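Q: Below you'll find the structure I mean.
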Amino acid sequence: MPNSTPPRKSNPNKAVTLTDVAAHVGVSAVAVSVVLNNSQSKVRVSAATRERILQAAEELQYQPNSLARSLRLQRTNVIGFYGAHGRSLDPRFPFYGALSAGLQMGCRQHDKDLLLQSRLGSNSDTDIYMSLLSGQIDGLVLYAHHVTPLIERLIESRLPIVTVVHRLPGVPCVGIANEQSGRLLAQHLLQRGYKKALSRNSSPDLPLTVANRMRGFTEEATVGGMEVSHTYCDEQWPSKEEQELLTGSNRPDVVVSYSDHSADGIIAFCRENGLSVPTDLGIAGFDNLPSYLRPSMRLTTVNCPWTEVAQRAVGLLVDLHEGKEVPEYVELPVEIVEGETTRPLQ
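When the letters of the sequence shown are read in order and numbered with my numbering, they come out as residues 20 to 365.
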């Protein structure tokens with residue numbers, strides 16, 4: 020007969036094992052493993068015995084050895100994230116906050132833990148590579164603009180990888196309809212009578228995703244009869260060239276920034292220089308992310324579902340780790356968010 024009360028342990032600090040639970044219930048350790056570890060076995064366990072095993076595990080405060088289990092099952096149930104840019108995990112940037120939220124939601128959905136790794140401080144490529152390939156994670160969600168020697172090494176490893184936002188050769192990716200987002204915004208502005216646009220970019224060497232976004236805008240706007248000029252400024256505050264354009268007699272009637280963060284700088288400049296938005300100047304962006312610079316003004320923008328992008332990437336990575344076929348690219352739709360920084364439709 021099995022014991023009716025939990026045995027006293029001679030060493031209260033010693034961890035309870037499967038053998039302890041088995042002895043308490045009066046069954047084999049294999050039967051206990053089948054119930055508690057979901058192990059594959061020919062041993063069949065009745066519903067009544069299963070209930071007794073679960074009750075005994077609770078009474079004995081049994082804790083599974085996650086390391087041993089991960090070695091046995093060849094999985095850790097941990098998803099890694101690597102941002103190849105120093106500010107990839109900086110909570111001050113809403114874009115990265117949206118990605119982080121999506122990663123956490125995806126991990127909760129699939130019962131995974133999340134390990135974050137970013138290029139901060141003096142970490143070398145070798146340090147980062149060894150950390151990610153040390154067996155702590157089942158797969159990696161990767162955010163990188165382009166292929167670097169480190170990224171190439173990661174891709175060539177056997178580690179399952181899914182990228183977010185930016186596509187890399189041979190790696191599954193979850194992103195958005197970038198070119199379509201630019202075209203939708205151009206159509207929105209053309210319908211509201213805008214004739215002269217300033218396309219504000221961070222640099223001539225944009226990541227392909229952002230370049231496609233701005234190219235889609237320029238092509239659609241030009242076909243619709245809008246004059247489009249371009250500036251390049253990596254700072255939120257307008258450059259000297261942009262300031263002269265915005266305060267001159269021949270200024271554009273709308274500024275289209277490559278991101279909401281960039282558009283916020285134009286809004287702040289207009290406030291300080293007596294330009295009324297949208298009467299004197301329309302402003303639009305991309306992302307639909309919150310900002311402390313415009314608490315009382317809703318920005319006209321394109322909603323890019325970055326949180327869902329990251330969440331879907333986790334699901335794709337789980338499928339990849341389980342040996343399932345996954346699509347090369349998952350493209351999520353975008354939509355216009357009409358705010359107060361452009362003219363209303365007449």
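Note that CB positions come from ideal geometry on N, CA and C, so glycine has one too.
All values derive from a computational prediction rather than experimental measurement.
Please state whether the Cβ-Cβ distance between Arg219 and Thr250 is less than 7 Å.
A: The Cβ-Cβ distance between Arg219 and Thr250 falls below 7 Å.
Q: In whole angstroms, what separates the C-alpha of Thr145 from that of Ala329?
A: 26 Å
Q: Among the candidates Asn322, Gly235, Thr182, whose CA atom is the shortest distance from the CA of Gly334?
A: Closest by alpha carbon: Thr182.
Q: Taking 6 Å as the cut-off, is the CB of Pro352 close to at least one heavy atom of the ligand SAH?
A: As for the ligand SAH, it is missing from this structure, which has no ligand bound.
Q: Is Ser268 near Phe305, with beta carbons less than 7 Å apart?
A: no
Q: Here's the rule I'm using: 16 or more other beta-carbon atoms within 10 Å means buried, otherwise exposed. How should Thr298 be labelled?
A: exposed
Q: Let me know the alpha helix (DSSP H) ranges lying completely inside the stretch 153-221, each 4 residues or longer, listed in chain order.
A: 168-175, 197-210
Q: Using 10 angstroms around the beta-carbon of Arg127, count the other beta-carbons present and answer buried if the total reaches 16, otherwise exposed.
A: exposed
Q: As an exercise, report each continuous alpha helix (DSSP H) stretch of at least 4 residues that is fully enclosed by the stretch 39-69, in chain order.
A: 48-55
Q: Applying the criterion that 16 or more other CB atoms from any shown protein chain within 10 Å of the CB defines a buried residue, is Arg63 buried or exposed?
A: exposed
Q: Report the start-end ranges of each alpha helix (DSSP H) in the stretch 237-315 that is 4 residues or longer and not cut off at the edges.
A: 259-266, 279-291
Q: Let me make sure I understand the geometry here. Which of Glu344, Ala332, Gly194 has the alpha-carbon closest to that of Asn322?
A: Looking at the Cα atoms, Gly194 is the closest of the given residues.
Q: How far does the alpha helix (DSSP H) with Gly125 in it reach, from first residue to last?
A: 113-128
Q: Looking only at its own chain, which residues have a Cβ that is under 8 Å from the Cβ of Met316, when we skip the five neighbours before and after it?
A: Ile286, Val296, Gly358, Glu359, Thr360
Q: Classify Met149 as buried or exposed, calling it buried when 16 or more other Cβ atoms lie within 10 Å of its own Cβ.
A: Exposed, since its Cβ has fewer than 16 Cβ neighbours within 10 Å.
Q: Per DSSP, what kind of secondary structure is Glu354 in: helix, strand or coil?
A: strand
Q: Quick one: residues in its chain with C-beta nearer than 6 Å to the C-beta of Arg71, no 5 flanking neighbours on either side, listed in chain order?
A: Val44
Q: CB-CB under 7 Å to Pro19, same chain, minus the five flanking residues each way: which ones, in chain order?
A: Outside the displayed range of the chain (20 to 365) lies residue 19, so it cannot be described from this structure.
Q: Using alpha carbons as the reference points, say which of Thr241, Ser281, Asn231, Thr237 lies closest to Asp253.
A: Ser281
Q: Applying the 10 Å Cβ sphere with the 16-neighbour rule, what's the burial state of Tyr162?
A: buried
Q: Helix, strand or coil: which one does DSSP assign to Tyr81?
A: coil
Q: Need the endpoints of the beta strand (DSSP E) that Leu318 sits in, please.
A: No beta strand (DSSP E) contains Leu318, which DSSP labels as neither H nor E.
Q: Evaluate Glu341 with the Cβ neighbour count: other Cβ atoms within 10 Å of its Cβ, from every protein chain shown; 16 or more gives buried, anything less gives exposed.
A: exposed
Q: Can you list, in chain order, the residues of its chain with a C-beta nearer than 6 Å to that of Asp338? Leave out the 5 residues immediately preceding and following it.
A: Val345, listed in sequence order.
Q: Report, in whole angstroms, the separation of the C-beta atoms of Met233 and Leu209, which I expect to be a contact under 8 Å.
A: Rounded, the Cβ-Cβ distance is 16 Å, inconsistent with contact.
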